[in-house]
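In terms of numbering that gives the first Met the number 0, the sequence shown opens at residue 0 and continues consecutively.
What follows is a short report on a single structure.
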Amino acid sequence: MTDHQTYLGSCHCGRVKFELQATVAYAMECNCSLCRRKGALWHGASDKTLRIVSGEQDLTLYQFGTLTAKHYSCRHCGISPFTRPRLDPARWAVNLRCIDALDLSSLEIRKFDGVNWEEAAKAIYAKPK
Numbered sequence: 000m001t002d003h004q005t006y007l008g009s010c011h012c013g014r015v016k017f018e019l020q021a022t023v024a025y026a027m028e029c030n031c032s033l034c035r036r037k038g039a040l041w042h043g044a045s046d047k048t049l050r051i052v053s054g055e056q057d058l059t060l061y062q063f064g065t066l067t068a069k070h071y072s073c074r075h076c077g078i079s080p081f082t083r084p085r086l087d088p089a090r091w092a093v094n095l096r097c098i099d100a101l102d103l104s105s106l107e108i109r110k111f112d113g114v115n116w117e118e119a120a121k122a123i124y125a126k127p128k
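This is the structure:
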């Protein structure tokens, strides 16, 4: 039913490259202290839809708070292309700002209140699927 597109992305220096198979119609904007400072716009992905093409060895891991989320950045340029989010650590959240040829102005931006994470997570899980 949906037509997935292949998006190519990378960190700033190009050592970390990835492919995302997705239909990107919206982005999540989290206001937690880390995401706000990164300026990240997130889109969910699975192990099947996100493929690290090169540079996996150039990624560094950062964790804080509950140590549930795994935030990955390029150890050379510092850009954060993706994370294993606290909301669902078995999935990926891809930073859409790292994807080439994606018109971010065309996307619906959905807010996630990461400052009040527990309440925001409950609201998402309470919504019917």
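We put the beta carbon where it would ideally sit given N, CA and C, even for glycine.
Residue i - DSSP class collapsed to helix/strand/coil
i, result
"C31", "coil"
"A119", "helix"
"R14", "coil"
"P73", "In the sequence on display, residue 73 carries Cys and not Pro. Here C73 sits in strand by DSSP."
"L103", "helix"
"K47", "coil"
"V23", "coil"
"L95", "helix"
"Q62", "coil"
"R36", "helix"
"G113", "helix"
Integer Cβ distance of residue i from residue j, believed to fall under 8 Å
i, j, result
"R14", "D57", "5 Å"
"S45", "W91", "7 Å"
"C12", "C97", "Actually they are not in contact, since the Cβ atoms of C12 and C97 sit about 12 Å apart, beyond 8 Å."
Check whether residue i and residue j have beta carbons under 7 Å apart
i, j, result
"S79", "N94", "yes"
"Q20", "H42", "no"
"L7", "E18", "yes"
"H70", "Y61", "yes"
"A68", "T82", "yes"
"F111", "A119", "yes"
Own chain, CB closer than 7 Å to residue i, minus 5 neighbours either side, in chain order
i, result
"V114", "N30 and C31"
"R50", "F17 and E18"
"L101", "Y6, V23 and L95"
"D99", "L7 and G8"
Close beta carbons around residue i, own chain, < 6 Å, minus the five adjacent residues each side
i, result
"S53", "K16"
"A125", "none"
Own chain, CB closer than 8 Å to residue i, minus 5 neighbours either side, in chain order
i, result
"P88", "T67, A68 and K69"
Quick test of the definition: if touching needs 3 or more C-beta pairs under 8 Å, does the stretch 19-28 touch the stretch 99-112?
yes
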